[in-house]
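Peer 1: Using my numbering, the letters of the sequence shown correspond one by one to residues 19 to 366. Quick reminder that beta carbons are idealized off the backbone N, C-alpha and C, glycines included. Keep in mind that this is a model prediction, so the values were computed, not measured.
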Amino acid sequence: MKIATVVGARPQFIKAAVINRVINRTNGIEEILIHTGQHYDENMSKIFFDELEIPKPNYNLEVGSGLHGKQTATMLERIENVLISEKPDLLLVYGDTNSTIAGALAATKLHIKVAHVEAGLRSFNKKMPEEINRIVTDSISDMLFAPTQNALNLLKLENHSENAFFTGDVMFDSILHYSSIAGKGQDISKIINEDYYLATVHRAENTDDKQRLQAIFDAFSQADKKVILPLHPRTQKLLEGINFNENVKIIEPVGYLEMINLIKNSNKILTDSGGLQKEAFFMKKPCITLRDETEWVETLQGNWNFVVGTDTEKIVEKLKNNHFSEQKSHFGDGKAGEKIIELILQKM
Ligand code: UD1
Ligand code: UDP
């Protein structure tokens, strides 16, 4: 069986690495890797291929940045060309980025089956580009792999009972696999040797609204510990006019192994990232989510995650909470990758 995988953005490299490892141990599957080029800086792309030992993409479509319409349309056109010449049996897409929707749409129009990893997530906020990407991708995919029972239930409510399956979350597999490896080589003492909070900010709803972005940076400036902020290039480009003090330590985006170490050694996490909310939960670090809603509702149980939006006072207040209850397991058994490949082999 020939599987074409479409990736393009940082979190997709991490997710695809999990499935790639399983495919490599499975007889009878060939994988063609298509990188749309949505993320292209060395520390947003190449570093993940190197660290996670993902094979060099068979195709790099070099689409780059742009407005949603142009970026998605260029991907669609270039992915279509590759699919016509490669004729895969199945296309695999991950998550909710423009690369996800472009891959799914290109394949389905060519009558190539589509499998969506991380299906069924909903924020119920259609202003988020990710929400549109997820809804459309789920509605045209042939196989839907839900990372949580909640995601599976949402797919059932949308009449996807026949083709939706609970598999667990490939990002949980990934943390289990890499956290022991990460501990060995990565020295973060050059970044910080005191108690700190780890933060990331990149969501359009925060970066593209100066008031929200300033309120977040005000909270970082007022926090009672240093805030380490590996900064997404999108946010870096929009920092002009945003005020903050020396409590905020901005660093370049880091590789995944370094990130795992930064999470491990942090006191708490502040983020608007989907992936990082989960990683905080997996690694038992309290999280404060700088958004007005979360798709990852499981992480809210037991005070492990608070959705606070961008209210400076609320963010600073929640940093003081230190009461948590025991976690339940929601994200599978660390074998989501194996389950996904098993299901594909069974159903195709
Ligand atoms: C994208 C996804 C988002 C995901 C995030 C992961 C969409 C609509 N959004 O957001 O869901 O959470 O990736 O990180 O697909 N840029 C660079 N260098 C790069 C990449 C981006 O400078 O290598 C800058 C460019 O100015 C670009 C901006 O970041 O315009 C935004 O990049 P883009 O890929 O469009 O969206 P993200 O914000 O990264
Ligand atoms: N990440 C990383 N280096 C960084 C910031 C994040 O390796 O400097 C990892 C993070 O640990 C998680 C993933 O990137 O595994 C999350 O990606 P991102 O926040 O860009 O996207 P989202 O999950 O919000 O779609």
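1. Just the C-alpha distance for P75 and F235, rounded to the nearest angstrom, thanks.
2. So is the beta-carbon of T115 under 7 angstroms away from any non-hydrogen atom of the ligand UD1?
3. Going by Cα to Cα distance, which pick from M301, I268, T92 is closest to V81?
4. Measure the Cβ-Cβ separation of T317 and K296 and say whether it is below 8 angstroms.
5. Using a 10 Å radius around the Cβ and a threshold of 16 neighbouring Cβ atoms, would you call H220 buried or exposed?
6. Identify whether V315 lies in helix, strand or coil by the three-state DSSP scheme.
7. Classify Q229 as buried or exposed, calling it buried when 16 or more other Cβ atoms lie within 10 Å of its own Cβ.
8. Would you identify the three-state DSSP class for F262, choosing helix, strand or coil?
9. Quick one, which of K88, G350, G26, M366 has its alpha-carbon nearest S63's?
10. Measure the alpha-carbon distance for K353 versus Q345 and round it to whole angstroms.
11. Consult DSSP for N78 and reduce its assignment to one of helix, strand or coil.
12. Thinking just about the alpha-carbon of each residue, which of L172, L256, K286 is nearest to the one in H341?
13. Can you check which of these residues, I21, T155, P248, is closest to H9 by C-alpha distance?
14. Return yes when the Cβ of A164 is within less than 8 angstroms of the Cβ of G138, no when it is not.
15. Note down, in chain order, each residue of its chain lying with its Cβ closer than 7 angstroms to the Cβ of L173, except the 5 sequence neighbours on either side.
16. Keeping to the same chain, check which residues put their C-beta closer than 8 angstroms to that of I21; ignore five residues upstream and five downstream.
17. Mind checking whether the beta-carbon of H220 lies closer than 7 angstroms to any heavy atom of the ligand UDP?
18. Hey, is A164's beta-carbon within less than 8 angstroms of any beta-carbon in chain C?
19. Run the CB neighbour count on R309, radius 10 Å, all protein chains shown included, and call it buried at 16 or more, exposed below.
20. Where L175 and R152 are concerned, what is the direct C-alpha to C-alpha distance, given to the nearest angstrom?
21. For F184, which residues in the same chain have their Cβ closer than 7 angstroms to its Cβ, ignoring the five residues on either side in sequence?
22. Just to check, is the beta-carbon of E80 closer than 7 angstroms to a non-hydrogen atom of the ligand UD1?
23. Quick one: using the 10 Å Cβ neighbour count with 16 as the cut-off for buried, is F190 buried or exposed?
24. Taking C-alpha atoms, which residue in A120, E71, E69 lies nearest to G55?
25. Can you give the Cα-Cα distance for W314 and Q89, rounded to whole angstroms?
26. Under the criterion of a Cβ to heavy atom distance below 7 angstroms, does I102 qualify as lining the ligand UDP?
27. Provide the residue span of the alpha helix (DSSP H) that contains K338, from first to last.
28. Curious, which full-length beta strand (DSSP E) runs of at least 3 residues does the stretch 50-138 contain?
29. Going by alpha carbons, who is nearest to K33 out of I102, V135, G84, I130?
30. Should A27 be listed as close to the ligand UD1, given that the test is whether its C-beta is under 7 angstroms from any heavy atom?
Peer 2: The answer reads as follows:
1. Here residue 75 refers to the residue found at position 57 when the sequence shown is read from its first residue. Here residue 235 refers to the residue found at position 217 when the sequence shown is read from its first residue. Straight-line Cα distance between these residues: approximately 37 angstroms.
2. Taking the sequence shown and counting its residues from 1, the one referred to as residue 115 is at position 97. Within the cutoff, so yes.
3. Residue numbering aside, residue 81 sits at position 63 when the sequence shown is read from its first letter. The shortest C-alpha to C-alpha distance from V81 to any of M301, I268, T92 is the one to T92.
4. Mapped onto the sequence shown, residue 317 falls at position 299. Mapped onto the sequence shown, residue 296 falls at position 278. Yes. Within cutoff.
5. Along the sequence shown, one-based indexing puts residue 220 at 202. Label assigned to H220: buried.
6. Indexing the sequence shown from 1 puts residue 315 at position 297. Helix.
7. What you label residue 229 is simply residue 211 of the sequence shown in a count that begins at 1. It is exposed - the Cβ of Q229 has fewer than 16 other Cβ atoms within 10 Å.
8. Position 244 of the sequence shown, counting from 1, holds the residue named residue 262. If DSSP states are grouped into helix, strand and coil, F262 belongs with coil.
9. Sequence index remark: in the sequence shown, residue 63 carries index 45 (1-based). Looking at the Cα atoms, G26 is the closest of the given residues.
10. Residue numbering aside, residue 353 sits at position 335 when the sequence shown is read from its first letter. Residue numbering aside, residue 345 sits at position 327 when the sequence shown is read from its first letter. The straight-line gap from Cα to Cα measures roughly 19 angstroms.
11. Residue numbering aside, residue 78 sits at position 60 when the sequence shown is read from its first letter. Note: N78 maps to strand in three-state DSSP.
12. Residue 341 sits at position 323 when you count from the first residue of the sequence shown. Considering only alpha carbons, the answer is K286.
13. Summary: the structure shown does not reach residue 9, with the chain confined to residues 19 through 366, and so no result is reported for it.
14. Position 120 of the sequence shown, counted from the first residue, corresponds to residue 138. Position 146 of the sequence shown, counted from the first residue, corresponds to residue 164. Yes, they are a contact pair.
15. Position 155 of the sequence shown holds residue 173. Contacts found: A137, G138, D156, L162, A164, A182.
16. One-based indexing of the sequence shown puts residue 21 at position 3. So the list reads I41, I47, E48, E49, I50, P106, D107, L108, L109, L110, I362, once near-sequence residues are dropped.
17. Your numbering for residue 220 matches position 202 in the sequence shown. It does: the Cβ of H220 is within 7 angstroms (strictly closer) of some heavy atom of the ligand UDP.
18. Looking for chain C here will not work: only one protein chain is present.
19. Within the sequence shown, numbered from 1, the residue matching residue 309 stands at position 291. By the neighbour-count rule (16 or more Cβ atoms within 10 Å), R309 is buried.
20. Indexing the sequence shown from 1 puts residue 175 at position 157. Indexing the sequence shown from 1 puts residue 152 at position 134. Roughly 15 angstroms between the two C-alpha positions.
21. Within the sequence shown, residue 184 is the residue found at index 166, counting from 1. The residues are A164, Q167, L170.
22. As a first step, residue 80 is located in the sequence shown; it is residue number 62 there, counting from the start. Distances from the CB of E80 to the heavy atoms of the ligand UD1 are all 7 angstroms or more.
23. Locating residue 190 in the sequence shown gives position 172, where the first residue counts as 1. So F190 counts as buried.
24. Here residue 55 refers to the residue found at position 37 when the sequence shown is read from its first residue. Selected option, being the one with the closest Cα: A120.
25. Position 296 of the sequence shown, counted from the start, is the residue given in the question as residue 314. Position 71 of the sequence shown, counted from the start, is the residue given in the question as residue 89. Cα to Cα, W314 sits roughly 27 angstroms from Q89.
26. In the sequence shown, residue 102 corresponds to position 84, counting from 1. Answer for I102: no, Cβ out of range of the ligand UDP.
27. Locating residue 338 in the sequence shown gives position 320, where the first residue counts as 1. Here K338 belongs to no alpha helix (DSSP H), and DSSP marks it neither H nor E.
28. 108-112, 131-135
29. Stepping through the sequence shown from its first residue, residue 33 is reached at position 15. Among I102, V135, G84, I130, the Cα nearest to that of K33 is on V135.
30. Numbered from its first residue, the sequence shown carries residue 27 at position 9. Yes, Cβ of A27 sits closer than 7 angstroms to a heavy atom of the ligand UD1.
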